[in-house]
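Structure first, then comments.
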Amino acid sequence: MNIVSIAGLVIGVLNSTTSAGIAEHKGCVPLPFSEVRTILDTPCPESLFPELKDFDKKSALELSFSQKLVDEIALPAETIPLTTYTLYREFRAKGTREGYQKPYYDKRRQMRSAALAYWLLGQTERLDELNDLIWNICEETTWVVPAHEREPEFIDLFSAETASDLAHVVYLLKENLPKEICQRVYREILNRIIDPYVEYGRSYWWDSGRNNWTGVCAGSIGECALLLDLDTEKTAAVVTIVLEQLDRFLEKGFEKDGGCLEGVGYWNYGLLHLVTFGELLRVRTNGKIDILADPRLKPIAQYPLVVSIGKGRYASFSDSHEKQTLRPFLIARLSARTDTPQLKMLYAESNDWRFSVCFRDLLWARDIPNSKPVLENAFLPISGLVKLISHDNEGRPVVLAAKAGHNAEPHNHNDIGSFIFAVGETVYLCDPGAGRYTRDYFGPRRYENIFASSYGHSVPRIAGKEQSPGSEFRGTMTKIADDTYQIDMTKTYNLPIMKSFLRTLTLQKDGEMILEDRFCFDNGDAEIEEAFVTWLEVEAVGNHARIKSAEGYVEIACESASQHFRVETLDEACRANKKEEDLKRITLTIPPQSENTVRFRMRFVPKLGKQ
């Protein structure tokens, strides 16, 4: 029996049968086409957005994030961005994405602004602008961005989201839009998205459910099928495939402990449309199919709390970023549906280029407190993630986050053993996060980029070797004590003489961190280059290094007085990856020995007057 079938049986325990004889499915359960069609034969509710019945635009404009949104949408665009052939083919010629994708996103952002200005602000004079933008998007040769170009029938992230946004705008404003505009949108979505999906949807590579693509693409396509009022047969065909794919996404795109190995940014992105489609389907089926009742969503909803290291800041493992914004509607709805009230503390104000996202923020994000998250110790043993919290002598929060895992994760970096050390609002030792998205970055040359290779992370080189890519190169994390965790990194390097490599991390009650690396080599020895990375300024003197900020500095001290730190500034790599700051690599070389133990102490020293 396959994973999908097993998941269906487990969740099926929660299903019940109504008095009308139609089963209620509480969870993301793959269902046969015939049953989906029967459920969809029940009368359709008056609106797929029941919140609109009591929606008060005036109070919506008083929400904390609304003023920024109003500032963005209030003025009409002067011109429609051009998405030209030359820009489209720039990716094939140079491997760069920005030339085409910037006007592509800008155009959709303008459509969002015109639609919201018309609906929310009552700017009826923006209707012509909105019609022109919709028409122009429909005129594009393809909605697939060049970096994702494949066979003609392929659907990528942004073609699916384009269709979803168009479907949302037409559904909400169909009484105000010209009939031919609505017909054009219906026809384009049918031809570009719905029909290809019904025929080829199970053959797309993202059908596997292993990363955010499945949640985004399947969820967006499901939204289109429900919003466009297709015939029951076609809607049922789409929903049947979507349920299969979203079930696989929950099963394979997340670890059993809720971890998202792609990082919190892709957690946010992958769930945007799963949650949106789930609530649309619940309304459309009068509660007969409720995928957000799935018990797998509870630990998944808790994941951002695990990797939160402060207000609006997260552990930036994999292709993630330290500063992230989780969508208000996603936080609000997942918090309510999974009974995870702490999730609301991660709210941060922001707006989005997608109409559907901003629209749902206005509908659902009504009671989110603007407070700092409570930082607590967390350990995900399957994902191989730990976060430890302490405080220094002046009460500043000190955070240590570290990862194990393997080197074939989604959006993988060769970063087993990488860690983050933060004090107060400042990250002193970082995981540098994602590199620039180019053709090479997602090709065979990925690990030539320091942002994906172990060279750009706080892990050692051993005998001149970096960590190797591949699922066979992995580390396991074990809890030693409440304040101490150990990562077995023996299988992280393709180095036959490596007998063992254990990295132990301790965060003491006073905020001091101790890192111990213990090496043992069989039939030989190897030189070890210990490395730590930071975005901040560094001063190195002998066996001490100081990482400096406006608040003070973190001192790294090696217990071996004979070793000396060096500092390398990775400025060229940072420019190539469009980084505004320069990453520094702090290194210390340990002479070859068959057995070696290296210990470092790291503590924060406040600047005078900053206590």
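Residue numbers (this note's numbering): 12 to 622.
C-beta: ideal position from N, C-alpha, C; glycine also.
Remember, predicted model here, so these are calculated numbers, not experimental data.
- Checking the DSSP bridge columns, you'll see N607 partnered with F530.
- S367 is the residue among S367, P157 and G212 whose C-alpha sits nearest the C-alpha of Y182.
- About 5 angstroms separates the beta carbon of P339 from that of D372, a gap short enough to meet the 8 angstroms contact definition.
- Residue L513 holds the alpha-carbon nearest to the alpha-carbon of M500 among L513, G230, G133 and T449.
- Burial check for F44: the Cβ neighbour count within 10 Å stays below 16, so the residue is exposed.
- Between the C-alpha atoms of R557 and V385 there is a straight-line separation of about 29 angstroms.
- Scanning its chain for C-beta atoms nearer than 8 angstroms, with the 5 sequence neighbours on each side dropped, one finds around W375 the residues E62, P339, F340, A343 and R344, in chain order.
- Under the DSSP assignment, K118 falls in the alpha helix (DSSP H) whose first and last residues are E109 to L131.
- Short of 7 angstroms from the beta carbon of Q256, and not among the five residues preceding or following it, lie these beta carbons of its own chain, in chain order: D218, G220, T225 and A229.
- Secondary structure at K618: coil, using DSSP grouped into helix, strand and coil.
- Here K589 is exposed. Its C-beta has fewer than 16 other C-beta atoms within 10 Å.
- Contact check for Y439 against V565 passes: the beta carbons are separated by less than 8 angstroms.
- Taking the C-beta atoms as reference points, S465 is found no nearer than 8 angstroms to E483.
- When secondary structure is reduced to three states using DSSP, E255 falls in the helix class.
- Per DSSP, reduced to three states, the secondary structure at Y496 is strand.
- According to DSSP, residue pairing for N418 in a beta bridge involves G481.
- Pairing S469 with F430 gives a Cβ-Cβ distance under 8 angstroms.
- In this structure the segment 192-203 touches the segment 172-182; the number of beta carbon pairs closer than 8 angstroms is three or more.
- A distance below 8 angstroms separates the beta carbons of E579 and R596.
- Two segments are said to touch when three or more pairs of C-beta atoms, one from each, lie closer than 8 angstroms; by this definition the segment 597-614 touches the segment 523-543.
- Spatial neighbours of H159 in its own chain (CB-CB distance under 6 angstroms, excluding positions within 5 residues in sequence) are listed in chain order as D167.
- Taking 8 angstroms as the cut-off, the beta carbon of I473 is found closer than this to the beta carbon of A537.
- For Y277, no beta strand (DSSP E) run applies; the uninterrupted alpha helix (DSSP H) run containing it begins and ends at V275 to R295, by DSSP.
- Assigned with DSSP and collapsed to three states, C55 falls in coil, not helix or strand.
- The segment 382-447 contains, as complete beta strand (DSSP E) runs of 3+ residues, the segments 389-391, 396-402, 408-414, 416-418, 430-434 and 437-440 (chain order).
- Within the same chain, and ignoring the five residues on either side of P421 in sequence, the residues whose Cβ sits closer than 6 angstroms to its Cβ are N222, L272 and E273.
- In the same chain as T437, and ignoring 5 residues on each side of it, the C-beta atoms closer than 7 angstroms to its own belong to S560 and E562, in chain order.
- Put simply, the segment 358-367 does not touch the segment 447-464. Fewer than three CB pairs are less than 8 angstroms apart.
- Annotation: the continuous alpha helix (DSSP H) that includes G230 extends over N223 to L238.
- With a beta-carbon spacing of about 4 angstroms, C39 and I302 fall inside the 8 angstroms limit used to define contacts.
- For G467, the three-state secondary structure derived from DSSP is helix.
- In this structure, the alpha-carbon of G535 lies about 11 angstroms from that of L506.
- Taking each of S382, F60, V81 and L337 in turn and checking the Cα distance to K69, the smallest one comes out for V81.
- Going by DSSP, H179 is part of the alpha helix (DSSP H) stretching over L168 to L184.
- Around the C-beta of N423, 16 or more other C-beta atoms lie within 10 Å, and the residue is accordingly described as buried.
- In this structure, I192 sits away from L144, with a CB-CB distance that is not shorter than 8 angstroms.
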